[in-house]
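Trainee:
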Amino acid sequence: MSTQYKNILKYVGFFGSIQGLNLLVGLVRSKIVAILLGPGGMGLLSLFNTAIQLLNSGTNLGIGISGVKELSELEDHKEKERKVAIIRTWSLIAAAIGFVATVMAAPLIDKFSFSWGQHTLHYIALAPVVSLMAIIGGEAAILKAERKLRNLAIIQVITMTVSVIISLPVYYFFGQSGIVPVIFLTMLTTTIATLRYSYRCYPLRLSGIRKHIQEGKPMVRLGLSFVLAGIVGSGVEMYIRSFLNMQGDLEMVGLYFAGFSIAITYPSALLNSLENDYFARLSSVNNDTAAVSRTVNAQVEVLLMVMFPVLALLMIAMPVVMPLLFSSKFCDVIPMTQVTLVAMFIRSASLPVEYISLARGGAKTFLLIEIISGIITMISLTVGFLNFGLWGMGAGWVVSYSLLIVFVLIFFRYRWKYLVSARALAMLVAGIVLLATLYVFIVK
Numbered sequence: 003m004s005t006q007y008k009n010i011l012k013y014v015g016f017f018g019s020i021q022g023l024n025l026l027v028g029l030v031r032s033k034i035v036a037i038l039l040g041p042g043g044m045g046l047l048s049l050f051n052t053a054i055q056l057l058n059s060g061t062n063l064g065i066g067i068s069g070v071k072e073l074s075e076l077e078d079h080k081e082k083e084r085k086v087a088i089i090r091t092w093s094l095i096a097a098a099i100g101f102v103a104t105v106m107a108a109p110l111i112d113k114f115s116f117s118w119g120q121h122t123l124h125y126i127a128l129a130p131v132v133s134l135m136a137i138i139g140g141e142a143a144i145l146k147a148e149r150k151l152r153n154l155a156i157i158q159v160i161t162m163t164v165s166v167i168i169s170l171p172v173y174y175f176f177g178q179s180g181i182v183p184v185i186f187l188t189m190l191t192t193t194i195a196t197l198r199y200s201y202r203c204y205p206l207r208l209s210g211i212r213k214h215i216q217e218g219k220p221m222v223r224l225g226l227s228f229v230l231a232g233i234v235g236s237g238v239e240m241y242i243r244s245f246l247n248m249q250g251d252l253e254m255v256g257l258y259f260a261g262f263s264i265a266i267t268y269p270s271a272l273l274n275s276l277e278n279d280y281f282a283r284l285s286s287v288n289n290d291t292a293a294v295s296r297t298v299n300a301q302v303e304v305l306l307m308v309m310f311p312v313l314a315l316l317m318i319a320m321p322v323v324m325p326l327l328f329s330s331k332f333c334d335v336i337p338m339t340q341v342t343l344v345a346m347f348i349r350s351a352s353l354p355v356e357y358i359s360l361a362r363g364g365a366k367t368f369l370l371i372e373i374i375s376g377i378i379t380m381i382s383l384t385v386g387f388l389n390f391g392l393w394g395m396g397a398g399w400v401v402s403y404s405l406l407i408v409f410v411l412i413f414f415r416y417r418w419k420y421l422v423s424a425r426a427l428a429m430l431v432a433g434i435v436l437l438a439t440l441y442v443f444i445v446k
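Here the working numbering is used: the first residue of the sequence shown is 3, the next is one more, and so on.
1) Relative to the C-alpha of R207, which residue among T342, G376, I89 is closest?
2) What residue from M429, D290, L316 has the CA that sits closest to R362's CA?
3) Could you tell me if G177 is buried or exposed, where buried requires 16 or more neighbouring beta carbons within 10 angstroms of its beta carbon?
4) Identify every run of the alpha helix (DSSP H) within the region 242-329, keeping only runs that are complete inside it and at least 4 residues long; order them along the chain.
5) What first and last residue would you give for the alpha helix (DSSP H) that runs through P183?
6) Quick check: V172 and T191, are their CB atoms within less than 8 Å of each other?
7) In the DSSP assignment, find the alpha helix (DSSP H) that holds W393 and state where it starts and stops.
8) Please classify D78: does DSSP put it in a helix, a strand, or coil?
9) Compute the distance between the beta-carbons of E303 and R415, then report whether it is under 8 Å.
10) Is the beta carbon of T379 less than 8 Å from the beta carbon of M240?
11) Does DSSP classify V422 as helix, strand or coil?
12) Measure the beta-carbon distance from L170 to L392 and round it to whole angstroms, keeping in mind my assumption that it falls under 8 Å.
13) Pick out whichever of I144, S179, V184, R149 has its Cα sitting closest to the Cα of T161.
14) Using alpha carbons as the reference points, say which of T384, S32, G60 lies closest to Q249.
15) Would T439 and G396 qualify as a contact pair, given that the criterion is a beta-carbon distance under 8 Å?
16) Evaluate F347 with the Cβ neighbour count: other Cβ atoms within 10 Å of its Cβ, from every protein chain shown; 16 or more gives buried, anything less gives exposed.
17) Any chance the region 130-145 sits against the region 60-72, with 3 or more Cβ pairs inside 8 Å?
18) Three-state secondary structure (DSSP) at K150?
19) Which first and last residues belong to the alpha helix (DSSP H) in which F347 is found?
20) Determine contact between the region 318-329 and the region 347-361, defined as no fewer than three beta-carbon pairs at a distance below 8 Å.
21) Quick check: S285 and V70, are their CB atoms within less than 8 Å of each other?
22) What separation, rounded to the nearest whole angstrom, lies between the Cα atoms of V435 and V344?
23) Following the continuous alpha helix (DSSP H) through L128, name the residue where it begins and the one where it ends.
24) According to DSSP, is Q120 helix, strand or coil?
25) Taking 8 Å as the threshold, find out whether the region 211-218 comes into contact with the region 146-161 through three or more Cβ pairs.
Below you can see the structure in the form of structure tokens.
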């Protein structure tokens, strides 16, 4: 086995154990939310979190991505210190923009996502959260570029643990009224933990702010396409949840959120953790076409090998997992969740390929992929729900990711000369067939 595969497996083992711990903590948190707030409270929490992500995506200036790329390419320590100062300066600017944008957009978001009640003040109260997310994005970019992966993992554990400690008393005494305070306190915890490790890596220096603003403009221009891409991705999620709220109610949103969390959010946590190493590694060889293909194929093969047994086990155990993670009130979403697991397996193969455009600085390509993906997803999930209910949304995810990966493999072959390995392709096809067979003949 090559060194590259061994390194990936090492990170899989390390971050797999971290995510296992986070999953256990997340189980407790999900159980608290499900019992104390019910499906309706879960739906409200889902809408707030999606709105926050949309606002952050539209105002973070793409620092979290462009910062990793530019810092990863530097070797001189003095140059790295200068780049870190630029990243931090523009992160603060993004934080200010995010705060103002959230306050101004609150009435519009309320009107778009709710057909009843008045939630504008709730969205305004989330403005500090959007600002903190911008700061976290910049500091996390520094840690990713410097390959401080253990620190990033520790931050995740701290955040998950503190969120449980905060959620229990707040939700018990205040119910749904405690959702916004819990979101803020959790994000504040993440910010403090991230700053602690980032400042240890590069101490904070406040001199030369005007100069850093000027020098950071090229990085921001690169990041703007990523901002637009983020708006598209987050906008699709906002549309889906708002659509469900309008067509049904908050309980429908809560059911979807529970199924989405198990089938996509939790497995994605492993993918995102591995991205902390993968993106920096891919950026370091972005000028070598052959090396890029080798790096991407190795990542795809390992991810498929790791994700298949996890997703297959989840599919079989879903009647036990759903009430365990949430409550018996959420069992109606089990069929949707099981189908969506097939989509997540496909996503495990397409995501590493899409990172080529990020590593190569192809922001416009990344934006194009997000737009196409967003259109396909909205159409697939809308048609699926209108015809088959929640189960149809799971089938919609399968259709969406299947069409996307075909487009990605063809497009990146001609755009970036990426060639998928025969082994990766065989693993993908075999995994889809086996998961579909498992669903049809055993689960269903």
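By construction, the Cβ of each residue, glycine as well, lies at the ideal position given by its N, Cα and C atoms.
Mentor: So, from the listed chains and residues:
1) Counted from its first residue, the sequence shown places residue 207 at position 205. Of the candidates T342, G376, I89, the one whose C-alpha sits nearest the C-alpha of R207 is I89.
2) Residue numbering aside, residue 362 sits at position 360 when the sequence shown is read from its first letter. The option with the nearest alpha carbon to R362 is D290.
3) Translated into positions along the sequence shown, residue 177 becomes position 175. Exposed, by the Cβ-count rule.
4) 252-262, 268-286, 291-327
5) What you label residue 183 is simply residue 181 of the sequence shown in a count that begins at 1. That run of the alpha helix (DSSP H) goes 181-203.
6) Numbered from 1 along the sequence shown, position 170 holds the residue referred to as residue 172. Numbered from 1 along the sequence shown, position 189 holds the residue referred to as residue 191. Against a cut-off of 8 Å, the Cβ pair of T191 and V172 comes out as no contact.
7) By one-based count along the sequence shown, residue 393 stands at place 391. That run of the alpha helix (DSSP H) goes 365-417.
8) As a first step, residue 78 must be located in the sequence shown, where it is residue number 76. Here D78 sits in coil by DSSP.
9) As a working note, residue 303 is residue 301 in the sequence shown. As a working note, residue 415 is residue 413 in the sequence shown. At a Cβ-Cβ threshold of 8 Å, E303 and R415 do not count as neighbours.
10) Within the sequence shown, numbered from 1, the residue matching residue 379 stands at position 377. Within the sequence shown, numbered from 1, the residue matching residue 240 stands at position 238. The answer is no: Cβ separation not under 8 Å.
11) Residue mapping note: residue 422 aligns to position 420 of the sequence shown, counting from 1. Correct three-state label for V422: coil.
12) In the sequence shown, counting from the first residue as 1, residue 170 sits at position 168. In the sequence shown, counting from the first residue as 1, residue 392 sits at position 390. The Cβ separation is near 29 Å, so there is no contact.
13) Counting from one through the sequence shown, the residue named residue 161 turns up at place 159. With distances taken between Cα atoms, T161 lies closest to V184.
14) Residue mapping note: residue 249 aligns to position 247 of the sequence shown, counting from 1. When only C-alpha atoms are compared, the closest one is T384.
15) Translated into positions along the sequence shown, residue 439 becomes position 437. Translated into positions along the sequence shown, residue 396 becomes position 394. No, they are not a contact pair.
16) Start at 1 with the first residue of the sequence shown, and residue 347 comes out as number 345. Burial call: buried.
17) yes
18) Along the sequence shown, one-based indexing puts residue 150 at 148. Note: K150 maps to coil in three-state DSSP.
19) Translated into the one-based positions of the sequence shown, residue 347 becomes position 345. First-last of the alpha helix (DSSP H) with F347: 336-361.
20) no
21) In the sequence shown, residue 285 corresponds to position 283, counting from 1. In the sequence shown, residue 70 corresponds to position 68, counting from 1. Cβ distance < 8 Å, so S285 and V70 count as in contact.
22) The residue you call residue 435 lines up with position 433 of the sequence shown. The residue you call residue 344 lines up with position 342 of the sequence shown. Across the structure, V435 and V344 are spaced so that their CA atoms are roughly 9 Å apart.
23) As a position in the sequence shown, residue 128 is number 126, starting the count at 1. From DSSP, L128 is part of no alpha helix (DSSP H); its letter is neither H nor E.
24) Here the question's residue 120 lines up with position 118 in the sequence shown. It is coil, neither helix nor strand.
25) no
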